[in-house]
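Reviewing the structure listed below.
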Ligand code: IMP
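Residue numbers (our numbering): 473 to 653.
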């Protein structure tokens with residue numbers, strides 16, 4: 473695994489390897505495939521952070537009749553949630569009667585997840601499920617529980633595999649956690 477890295481003056485140490493991530497991505501993909509067998513779901517990737525996870529998960533699910541769309545929400549500045557979630561680009565308007573699977577990189581306070589689910593439900597889908605790469609259950613402000621979780625983690629700041637610090641480090645194949653020292 474790679475060594476320590478520094479981003480914007482903050483130190484990060486290796487946390488999850490590429491292989492460990494892919495094992496859990498495949499497990500979650502299998503659960504989604506089983507739950508949505510015979511349906512034609514729409515996956516909704518939450519930009520920016522979920523783009524790497526969504527690319528792997530969508531291909532691992534492997535349902536050729538499914539579709540993928542992209543929506544952009546923002547709530548973080550630096551390493552802290554602002555508590556204010558904004559939708560930056562719109563939802564597709566053709567979700568009525570569809571089985572929707574939202575794909576998110578990380579559920580922290582749960583505020584973004586709540587807003588996304590409410591926005592999707594307003595479009596009268598047949599069902600809404602929520603898949604996240606990472607879940608910080610101890611940070612919740614809403615009690616929200618995702619349907620699919622690749623990793624439950626403590627409330628520490630993470631980068632890599634799509635997750636950023638002020639837009640940086642999304643390219644890292646492994647996941648890194650902020651260093652305690
Ligand atoms: P929530 O609304 O507080 O649940 O935050 C969700 C969003 O905050 C995620 O989609 C990420 O963009 C961002 N976020 C939360 N925790 C982290 C982290 O540890 N690293 C990078 N981004 C994070």
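Cβ atoms here follow ideal geometry from the backbone N, Cα and C, with glycine treated the same way.
Practice problem: In the DSSP assignment, find the unbroken beta strand (DSSP E) run with residue 575 in it and report its ends. | Solution: 571 to 579
Self-check item: Start and end residues, beta strand (DSSP E) containing residue 617
Solution: Counting along the chain, residue 617 sits inside no beta strand (DSSP E), nor does DSSP assign it H or E at all.
Practice problem: Excluding the 5 residues preceding and the 5 following residue 619 in the sequence, name in chain order all residues of the same chain whose CB lies nearer than 6 Å to its CB. | Solution: 601 and 602
Exercise. Measure the CB-CB distance between residue 514 and residue 541 and report whether it falls below 8 Å.
Key: In contact: residue 514 and residue 541 (Cβ atoms closer than 8 Å).
Quiz item: How many Å lie between residue 534 and residue 502 at the Cα?
Solution: 10 Å
Quiz item: Can you tell which of 646, 571 and 616 has its C-alpha closest to the C-alpha of residue 525?
Solution: 646
Quiz item: Closer than 7 Å: is that where the CB of residue 497 sits relative to any heavy atom of ligand 3?
Solution: In the structure shown, ligand 3 is absent; the only ligands present are ligand 1.
Exercise. Put residue 633 into one of helix, strand or coil per three-state DSSP.
Key: coil
Exercise. Have a look at residue 516 and residue 553 and give me their C-alpha separation to the nearest angstrom.
Key: So the two alpha carbons sit approximately 22 Å from each other.
Quiz item: Quick one: is residue 604 buried, meaning 16 or more other Cβ sit within 10 Å of its Cβ, or exposed?
Solution: buried
Quiz item: Taking just the CA atoms, how far does residue 622 sit from residue 499?
Solution: 8 Å
Quiz prompt | 8 Å Cβ cutoff met for residue 497 and residue 537 | solution = no
Quiz item: Could you give the uninterrupted runs of the alpha helix (DSSP H) lying entirely in the region 503 to 584, keeping only those of 4 residues or more?
Solution: 523 to 533
Quiz item: Out of 591, 597 and 585, which has the shortest C-alpha to C-alpha gap to residue 569?
Solution: Between residue 569 and the set 591, 597 and 585, the nearest pair of CA atoms involves 597.
Quiz prompt | Straight-line Cα distance separating residue 492 from residue 551 | solution = 24 Å
Quiz item: Just how far apart, CA to CA, sit residue 637 and residue 643?
Solution: 11 Å
Exercise. For residue 511, I'd like the list of residues in its chain whose CB is within less than 6 Å of its CB, leaving aside the five on either flank, ordered along the chain.
Key: 571
Quiz item: Can you check whether the CB of residue 631 is closer than 8 Å to the CB of residue 648?
Solution: yes
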